[in-house]
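Here's the structure, in structure tokens; my notes come after.
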Amino acid sequence: MQVSSLNEVKIYSLSAGRSLPEWLSDRKKRALQKKDVDIRRRIELIQDFEMPTVSTKIKVSRDGQYIMAVGTYKPRIRCFDTYQLSQKFERCLDSEVVTFEILSDDYSKIVFLQCGRFVEFHSQHGHYYRTRIPRFGRDFCYHYPSCDLYFVGASSEVYRLNLEQGRFLNSLQTDASESNVCDINPVHFLFAMGTAEGKVECWDPRTRNRVGLLDCALSSVTADTEIEGLPSISALKFDGALNMAVGTSTGQVLLYDLRSSNPLIVKDHHYGLPIKSIQFQHQLDLIISADSRIIKMWNKDTGKIFTSMEPEYGINDVCLYPNSGMLMTANEAPKMNIYYIPVLGPAPKWCSFLDNLTEELEENPESTVYDDYKFVTRKDLENLGLAHLIGSSLLRAYMHGFFMDIRLYHKAKMMANPFAYEEYRREKIRQKIEETRAQRVQLKKLPQVNKELLLKLIEEEEEQQVTRKRKQKNLPSLLKDDRFKVMFENPDFQVDEQSEEFRLLNPLVSKISEKRKRKLKILEELEAQNQEEEEEPEGKASDAESSESSDDEKGWVEEVRKQRKLLRQEEKVKRQERFKEDQQTLLKPQFFEIKEGEEFRSFKDSAKKQKLMKKTLGDRLKLEEKLGTLNVSDTTVGSKQATFKLKKSEQQKKQQEAEKQHRQERKTLRRPASHLKSKRGRGRLF
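Per UniProt numbering: the sequence shown = residues 1 to 686.
Shown next as structure tokens:
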């Protein structure tokens, strides 16, 4: 059983998995079920729920006990009893079935419309009667009040066959050249038919007159749709007294209110394929529309997608089991699919165990596995040289990668790495050799990093195992912990034995290990003296331990002092070497460039600034008052007022001097001109 989820709606495919051939004996079937896990885990809800080649139509009887399906090849009908979860009967027919209708509550009265213009009636025992209609039929429906069958097809007429009188009645003359589908309203018995011109004609069976005409082809064209050719009507279904859903050959579904000529909502499947089936789900106000590729469930008020399903093979018909969440499809394949959607409703009474099964699966969720597909990332596609397939139908986008056919993946991998099989074979041979070597005596291989530390940890662990009591719990080992695995692989974690810290701590570590060894020897001696009648007093052991610990501490202090002396001597030698290198090196003068507009000052100015910054705020204020750059005065309120004069830089001083010179030059240029004007005025003769 496969589980898929779209928009947080879980869909359980009950027909998933491999099916066993019919010609196998029961013994071989049981043997295969023991060997193959997939066959053992599959759910066979109804035994042999399939057709030899293709299934075309599927329906459920009104009492819900029988499921009937027609298919090929050879043309046949199969009836399945839900109470027995097996096949009730199978009947072969002379020609292929276009559609069929169950007239009774059970399987006792069935009508078939066949390809060769034949209409065949079956009763409970089998074939009952056969007749023909003038033109090839495409669909028919049954009018219960008058017991009339209405046939539509490749003609402008609607043929009427009365089952009570057993004869044809006057046909209905329509304006259409051909008709594809028809349906009768279950409330007021209005007859509607969909034409090849994209129109729906509504007729009153009582008066045999046309009462309405809808142009669905014009209404199906919207701004978002792209249509090739004239859309014809391919599906028709009534819902209650006032609603009607119409499916077109270009993939649109239109929902109408019979009181209006404009559709309430137009839903596009975006595949351009004819709509095969339309069903209504009243509990959640959903419409289930299907073409040959996808089944979509959407809200009939808003048009929002509820969920969708894409079977592996083409869809011919969809049947919703009444008052439940079970959905069945007739496909272009031998096996007929059964889906269970718990959100739509409970499981039928004859398979109520599905509710418990799905609840257990929800409590213990498992990751979805696609057997026939391989999940690849964008990087994997680039390594295989298949990056150009992104956006095509061969790849299906999912999360951070894509799903592709497993056969295509294997072919591309073989072309990208033709020696992969040889590498796989070598790896398998190496694993077999290692398995045979496991019985031999294995030597412990020390790592390249921290060998001494590993030996020390092994010794300590062995000592702990000797001293550990049986009742104590096993403590976690540092060698078996993966978190410290890198310490013996990465050279960055190598212990530097020449460092100062290690050399000062090494005496302590060595003394601790010696102390542990001495304790082990004491324990061994105590165990060997079991034959003695009297044991030594506890004071002797404590005295021996205290004396040993004091000796250890003295030895440790002496070793630490020795290591410190050695470190000091090494530091002196290093200093002397550095001093010799400094004497040998020759100092060269360094030159610095001064920016334009700045003067060089001695390095004393920087020293003065540093001294000034070290002084307190009061000292700096007094110094500024002496220099004249700061003026402190008392105000009338009683507070202090301080005014500062910013020091001007050399560049600002030069700029001010240049401005003064410019002003003086302009003044000197203006004076002679005014002097000449005054002289001309005085020296006039005329």
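From the three backbone atoms N, C-alpha and C, an ideal C-beta is built for every residue, glycine too.
The structure displayed is predicted, hence computed values, not measured ones.
Own chain partners of S155 with C-beta closer than 6 Å, once the 5 adjacent residues on each side are dropped: If we look at S155 and ignore the five residues flanking it on each side, its Cβ neighbours are R135.
Nearest-angstrom Cα separation, counted from C115 out to R132: For R132 and C115, the distance between alpha carbons rounds to 11 Å.
From L389 to K57, what distance separates their C-alpha atoms? L389 and K57 have their C-alpha atoms spaced approximately 37 Å apart.
Per-residue burial, residue 687 [other beta carbons within 10 Å of its own, 16 or more giving buried]: Outside the modelled stretch of the chain, which goes from 1 to 686, sits residue 687, for which no answer is possible.
Terminal residues of the alpha helix (DSSP H) in which Y409 lies: Where Y409 is concerned, the enclosing alpha helix (DSSP H) stretches over 406 to 416.
Quick one: which unbroken beta strand (DSSP E) runs of 3-plus residues sit fully inside the segment 245 to 308? Chain order, please. For the segment 245 to 308, whole beta strand (DSSP E) runs of length 3 or above, ordered along the chain, are 252 to 257, 265 to 268, 275 to 281, 286 to 291, 295 to 299.
Buried or exposed for G212, going by 16 or more other Cβ atoms inside 10 Å? Exposed: under 16 other Cβ atoms inside 10 Å.
Kindly indicate which three-state DSSP category H127 falls into: helix, strand or coil? If DSSP states are grouped into helix, strand and coil, H127 belongs with the strands.
Output the residue ranges of the beta strand (DSSP E) runs that lie fully inside the segment 64 to 100 and measure 3 residues or longer, sorted by chain position. Whole beta strand (DSSP E) segments, 3+ residues: 66 to 72, 76 to 81, 86 to 92.
Beta-carbon proximity check, L264 vs R293, cutoff 7 Å: Against a cut-off of 7 Å, the Cβ pair of R293 and L264 comes out as no contact.
Quick check: what's the CA-CA separation for S405 versus S289? With the sequence shown as reference, residue 405 is identified as Asp, and Ser is not the correct amino acid for it. Looking at the two C-alpha atoms, the distance is approximately 28 Å.
According to DSSP, residues forming a beta bridge with W203: Its beta-bridge partners are F191, R210.
C147 to R206 span [Cα, whole Å]: Cα-Cα distance, rounded: 12 Å.
What number of angstroms, rounded off, separates the C-alpha of T368 from the C-alpha of I67? Confidence is the limiting factor: at T368 the pLDDT is only 49, short of 50, which leaves the residue's position unreliable, though a coordinate-based value still follows. Roughly 30 Å between the two C-alpha positions.
For A642, write down the residues that DSSP places opposite it in a beta bridge. For A642, which the question treats as bridged, DSSP gives the partners V632.
heavy atom of the ligand MN below 6 Å from Q431 C-beta: The ligand content of the structure shown is nil, which means the ligand MN is not present either.
Return the Cβ separation of T307 and V9 in integer angstroms, given the expectation that the two are a contact with Cβ distance under 8 Å. Contact holds; Cβ gap of about 4 Å.
Below 8 Å on the Cβ atoms is my guess for C351 versus L45; work out the distance and round it to an integer in Å. Rounded to the nearest angstrom, the Cβ distance from C351 to L45 is 6 Å, consistent with a contact under 8 Å.
For D215, which residues from the same chain have a beta carbon less than 6 Å from its beta carbon, with the 5 sequence-adjacent residues on both sides left out? Spatial neighbours of D215 in its own chain (CB-CB distance under 6 Å, excluding positions within 5 residues in sequence) are listed in chain order as K199.
Spatial neighbours of E624 within its chain, please: CB distance less than 7 Å, with the 5 preceding and 5 following residues excluded, ordered by chain position. Closer than 7 Å at the Cβ level, and outside the excluded window around E624, lie L630.
S219 (DSSP reduced to helix, strand or coil): S219: helix per DSSP, three-state reduction.
In angstroms, rounded to a whole number, what distance separates the CA positions of L669 and T643? Going from the Cα of L669 to the Cα of T643 covers about 40 Å.
Tell me where the alpha helix (DSSP H) around R378 begins and ends. For R378, the uninterrupted alpha helix (DSSP H) segment begins and ends at 378 to 384.
Tell me where the alpha helix (DSSP H) around R620 begins and ends. R620 -> alpha helix (DSSP H) spans 617 to 627.
Simplified DSSP assignment, three categories, for D496: D496 falls in the coil class under three-state DSSP.
Just reading off the beta strand (DSSP E) that Q165 is part of, what are its end residues? Q165 -> no beta strand (DSSP E), and no H or E assigned at all.
Residue 702 to F238, Cα distance in whole Å? No answer is possible for residue 702: it lies beyond the span of the chain, which begins at 1 and ends at 686.
Ordered along the chain, which non-local residues of its own chain (more than five positions away) have a Cβ less than 6 Å from that of R666? Same-chain partners within the cutoff: there are none.
What number of angstroms, rounded off, separates the C-alpha of D481 from the C-alpha of P52? Distance between the alpha carbons of D481 and P52: 59 Å.
Quick check: what's the CA-CA separation for Q531 versus Q464? In this predicted model, Q531 has a pLDDT of only 42, less than 50, meaning its place in the structure is not dependable enough to derive any value.
Residues of its chain near C79, where Cβ-Cβ distance is below 6 Å and the 5 sequence neighbours each way are ignored: Result list for C79: Y66, M68, K88, F89, Y107, in chain order.
Let me know if M326 comes out buried or exposed under the rule of 16 or more other beta-carbons within 10 Å of its beta-carbon. Around the beta-carbon of M326, 16 or more other beta-carbon atoms lie within 10 Å, marking it buried.
Once the 5 residues before and after Y217 are set aside, which same chain residues still bring their CB inside 8 Å of it? It should be pointed out that residue 217 corresponds to Ala in this sequence rather than to Tyr. Only residues of its own chain outside the window of five on either side were considered, and among them E197, G198, K199, L230, P231, S232, T248 have a CB closer than 8 Å to the CB of A217, listed in chain order.
Would you kindly report the start and end of the unbroken beta strand (DSSP E) that includes V486? For V486, there is no enclosing beta strand (DSSP E), as DSSP gives it neither H nor E.
Should T179 and M193 be called a contact, given that it needs their Cβ atoms to be closer than 7 Å? Here residue 179 turns out to be Ser, not Thr, going by the sequence shown. Contact: yes.
For the beta strand (DSSP E) containing G137, list its first residue and its last residue. That run of the beta strand (DSSP E) goes 137 to 143.
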